[in-house]
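Below you'll find the structure, written out as structure tokens, and then a few comments.
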Amino acid sequence: MPYFLAIDAGGTRTRCLLADERQVLARASTGSIKLQRVGEAEASARLTSMLDELSTAANIPLRQITRTCIGLAGVSIPDVHAWATKSIPAHVAGDLLLLGDEEIALEAAFPGAPGVLLIAGTGSHAVARSLDGALHRAGGWGPILGDDGGGYWIGLEALRTALRILDSRPDDPNASLLLDAIKRHWGLTSLAALIELGNRRGGTTHPPTDFASLAPVVAGCAQEGNSLAAELLRTAGDSLARLIAIAAASAAATPSAATQIAPTVAAIRVAFTGSVLEHIPAVRTALVAALTRTVPGAELSETAVDPLEGALYRARNG
321 MPYFLAIDAG GTRTRCLLAD ERQVLARAST GSIKLQRVGE AEASARLTSM
371 LDELSTAANI PLRQITRTCI GLAGVSIPDV HAWATKSIPA HVAGDLLLLG
421 DEEIALEAAF PGAPGVLLIA GTGSHAVARS LDGALHRAGG WGPILGDDGG
471 GYWIGLEALR TALRILDSRP DDPNASLLLD AIKRHWGLTS LAALIELGNR
521 RGGTTHPPTD FASLAPVVAG CAQEGNSLAA ELLRTAGDSL ARLIAIAAAS
571 AAATPSAATQ IAPTVAAIRV AFTGSVLEHI PAVRTALVAA LTRTVPGAEL
621 SETAVDPLEG ALYRARNG
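If you want it as structure tokens, here you go:
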């Protein structure tokens, strides 16, 4: 009997499942295995532990796996690709499909079909698939070079904006309240400590500063009436809508009419995944409003897709 392994390795957590042709047999999860966040040694240890747990739960040796599909954030980075192609076959038999995390999410939303998928978790990017299967991407340049509208961007931009306002308007209540909320979240008691942590680089003894964890803090401040936080979330929604518009326009501009994402703009289907749109309603509201202006007739799905289901679809179908 063939067995299939599906792995969703996002920016903050990793999930996997083992299935046969009909049903899921076991699931397991661990923390991030993204090399940029945890390093190769920790990523390898987490992967090994998770796969051992999965094999034990399913009572199926990993050498019996027919095909594995992993969706991995940062898969286009040579070191990440090399690590995955070395580490997974060291534990698991069978074929290996190594895809970007956006690709498995796209398969979960539109199995083998055209559509637009927006990822807004720690990072952000959009990918559109046209009728000929071609993929058209926008964003996803990483936390330093891009990822506008993602959780990391929201947290970092909130801190940057509040500090800029502090320079010129030290008594601005929205800036000071936002900074106070960030300090409480990180367990800090002074602005100096906040600046030190904000500028800290990751190293062998400590991880890089987790700006993405500030996104819920910013959302909480917005709900309490903080206009600075609310404006940041609106900007995040606008940025995410821009990614969708770029990816969809790129797909529709393909020379052959047969490769268009849809016959008309109104037929464009948009799905999403990621913690920002799942858990911060203000960003989703801003996104919908911006899409109405930039991609008239686009249809945003009501609920988030599960990328792990897309990885399973590809593992089963190749």
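Residue 553 in this note's numbering is what sits at position 233 of the sequence shown, and the numbering runs on without skipping anything. Cβ coordinates follow ideal geometry from the N, Cα and C atoms, glycine included.
In its own chain, which residues sit with a C-beta less than 8 Å from the C-beta of residue i, not counting the 5 before and 5 after it?
i: Gly-638; result: Arg-387, Asp-415, Leu-417
i: Ser-488; result: none
i: Leu-632; result: Phe-324, Ala-326, Leu-337, Ala-339, Val-344, Cys-389
Just the Cα atoms here: how many angstroms apart are residue i and residue j?
i: Gly-460; j: Ala-393; result: 9 Å
i: Gln-384; j: Pro-398; result: 29 Å
i: Val-344; j: Leu-338; result: 6 Å
i: Leu-486; j: Leu-611; result: 33 Å
i: Tyr-472; j: Ala-550; result: 16 Å
i: Ser-595; j: Asp-626; result: 11 Å
i: Ser-496; j: Arg-342; result: 55 Å
i: His-445; j: Pro-381; result: 36 Å
i: His-401; j: Ser-559; result: 28 Å
i: Ile-474; j: Trp-403; result: 30 Å
i: Glu-360; j: Gly-391; result: 17 Å
i: Leu-498; j: Glu-544; result: 11 Å
i: Gly-469; j: Ser-407; result: 32 Å
i: Ala-440; j: Leu-563; result: 11 Å
i: Glu-622; j: Ala-602; result: 15 Å
i: Arg-634; j: Ala-429; result: 12 Å
i: Leu-426; j: Arg-636; result: 16 Å
i: Phe-592; j: Ala-478; result: 23 Å
i: Ala-572; j: Asp-467; result: 23 Å
Might you give, ordered along the chain, the residues of its own chain that have their beta carbon closer than 6 Å to the beta carbon of residue i, omitting 5 neighbours on each side?
i: Thr-614; result: Ala-561, Ala-565
i: Thr-332; result: Ser-352, Thr-442
i: Leu-514; result: Lys-503, Leu-508
i: Ala-346; result: Leu-338, Leu-374, Ala-377, Ala-378
i: Pro-286; result: The shown model of the chain, from 321 to 638, leaves out residue 286, and the question about it has no answer.
i: Ala-348; result: Cys-336, Met-370, Glu-373, Leu-374
Output the boundary residues of the beta strand (DSSP E) element that contains residue i.
i: Asp-415; result: 415-420
i: Arg-296; result: The question about residue 296 has no answer, for the chain in this structure spans 321 to 638.
i: Gly-459; result: 455-459
i: Asp-328; result: 323-329
i: Ala-393; result: Counting along the chain, Ala-393 falls outside any beta strand (DSSP E), and DSSP gives it neither H nor E.
i: Ile-515; result: First-last for Ile-515: 511-518, but that is the alpha helix (DSSP H), not the beta strand (DSSP E).
i: Arg-347; result: 344-351
i: Leu-437; result: 435-440
i: Leu-338; result: 333-339
Have a look at the options and flag the residue whose alpha-carbon is nearest the alpha-carbon of residue i.
i: Gly-518; options: Glu-544, Gly-545, Leu-476, Val-358; result: Leu-476
i: His-526; options: Glu-341, Ala-339, Glu-362; result: Glu-362
i: Glu-373; options: Gln-543, Ser-396, Pro-601, Cys-336; result: Cys-336
i: Glu-598; options: Leu-483, Glu-423, Ala-624; result: Ala-624
i: Thr-481; options: Leu-426, Ser-450, Leu-548, His-445; result: Leu-548
i: Ala-329; options: Arg-521, Tyr-472, Gly-522, Ser-364; result: Ser-364
i: Ala-413; options: Thr-350, Leu-325, Asp-467; result: Leu-325
i: Glu-422; options: Leu-563, Gln-543, Gly-469, Leu-437; result: Leu-437
i: Thr-405; options: Leu-367, Arg-457, Ile-588; result: Leu-367
i: Ser-570; options: Ala-425, Asp-530, Ala-602, Leu-455; result: Leu-455
With burial defined as no fewer than 16 other Cβ atoms inside 10 Å of the residue's Cβ, what is the status of residue i: buried or exposed?
i: Pro-431; result: exposed
i: Leu-465; result: exposed
i: Ala-577; result: The predicted model places Ala-577 with a pLDDT of 35, which falls under 50 and marks its position as unreliable; any figure quoted below should be read in that light. Per the 10 Å Cβ criterion, exposed.
i: Asn-546; result: buried
i: Thr-605; result: exposed
i: Thr-555; result: buried
i: Asp-491; result: exposed
i: Met-370; result: buried
i: Gly-630; result: buried
i: Ser-510; result: exposed
i: Thr-334; result: buried
i: Ser-396; result: exposed
i: Ala-512; result: exposed
i: Gly-453; result: exposed
i: Leu-620; result: buried
i: Pro-322; result: exposed
i: Glu-516; result: exposed
Hey, could you find the ends of the alpha helix (DSSP H) residue i is sitting in?
i: Ile-502; result: 493-506
i: Arg-562; result: 547-572
i: Asp-399; result: 398-411
i: Ala-482; result: 471-488
i: Ala-539; result: 535-543
i: Thr-612; result: 601-614
i: Leu-451; result: From DSSP, Leu-451 is part of no alpha helix (DSSP H); its letter is neither H nor E.
Can you give me the Cβ contacts of residue i inside the same chain, cut-off strictly under 7 Å, excluding the 5 residues immediately before and after it?
i: Arg-521; result: Pro-528
i: Ile-600; result: Ala-535, Ala-539, Leu-553
i: Val-537; result: Ala-501, Ile-502, His-505
i: Leu-628; result: Ala-326, Asp-328, Arg-335, Leu-337
So with Cβ pairs under 8 Å, would you call residue i a contact of chain C?
i: Leu-355; result: Going by chain labels, chain C is absent from the structure shown, which holds only one protein chain.
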